[in-house]
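Shown next, in structure tokens, is the structure this report addresses.
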Amino acid sequence: MLRRQLIRHGEAIVLITLGGIVGANLRYAVGAAAGDALLVTLLVNTLGSFGLGLLLFDARADEILTKRLRYVFGTGFFASFTTYSTFVADIALTAPELAVPYIIASYASGFGGVLVSRKIVAKTSKTAIQPPTPGDD
3 MLRRQLIRHG EAIVLITLGG IVGANLRYAV GAAAGDALLV TLLVNTLGSF
53 GLGLLLFDAR ADEILTKRLR YVFGTGFFAS FTTYSTFVAD IALTAPELAV
103 PYIIASYASG FGGVLVSRKI VAKTSKTAIQ PPTPGDD
């Protein structure tokens with residue numbers, strides 16, 4: 003039993019790592035191509051919130067994606083693609099008159115991305131989105 007658990011955990015680590023490598027490199031490429039502007043961070047985090055929302059609501063409805071794919075895309079790719087640490091650094095380094103609207107826009111677009119993804123999954127899934135239950139992983 004222990005051997006099987008170790009293999010399963012090792013597989014999860016490899017899948018998360020592969021997704022993380024791709025997500026982090028894509029984030030770097032987007033930043034390098036666009037000059038690491040505030041709007042790039044806002045766009046990346048909005049797309050990441052949307053993608054994570056799709057994964058979350060799919061898992062609560064039809065479960066089209068397997069747990070392995072959720073590791074690759076959720077814990078790996080989107081966790082590395084989004085850059086809330088850059089968001090915090092941007093806020094600290096930006097003048098207050100620009101930082102406040104940036105904070106509002108970032109949170110609004112992040113929550114907006116999740117809400118749009120919920121709507122898409124609700125409209126396209128065969129099963130209603132289920133609320134979390136105790137013991138969910």
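Sequential numbering from 3 applies to the sequence shown in the numbering used here.
Glycine is no exception: its CB is placed at the ideal position from the N, C-alpha and C atoms.
Assigned with DSSP and collapsed to three states, Gly78 falls in helix.
The beta carbon of Gly55 sits closer than 7 angstroms to the beta carbons of Gly115, Val116, Ser119, Arg120 from its chain, once the five residues preceding and following it are set aside; these are given in chain order. Looking at Gly50, His11, Ile23, Arg62, the one whose alpha-carbon comes closest to that of Val123 is Arg62.
Between Phe79 and Gly25, the CB-CB gap stays under 8 angstroms. Per DSSP, reduced to three states, the secondary structure at Gly55 is helical. The Cβ atoms of Ile93 and Tyr86 do not sit closer than 8 angstroms to each other.
Using a C-beta cut-off of 8 angstroms, the stretch 57 to 73 makes contact with the stretch 9 to 20, since at least three inter-stretch Cβ pairs fall below that distance.
Rounded to whole angstroms, the gap between the alpha carbons of Lys128 and Asp64 is 7 angstroms.
Using a Cβ distance threshold of 8 angstroms, Thr43 and Thr77 do not count as a contacting pair. In this structure, the CA atom of Glu99 is about 16 angstroms from the CA atom of Ala39.
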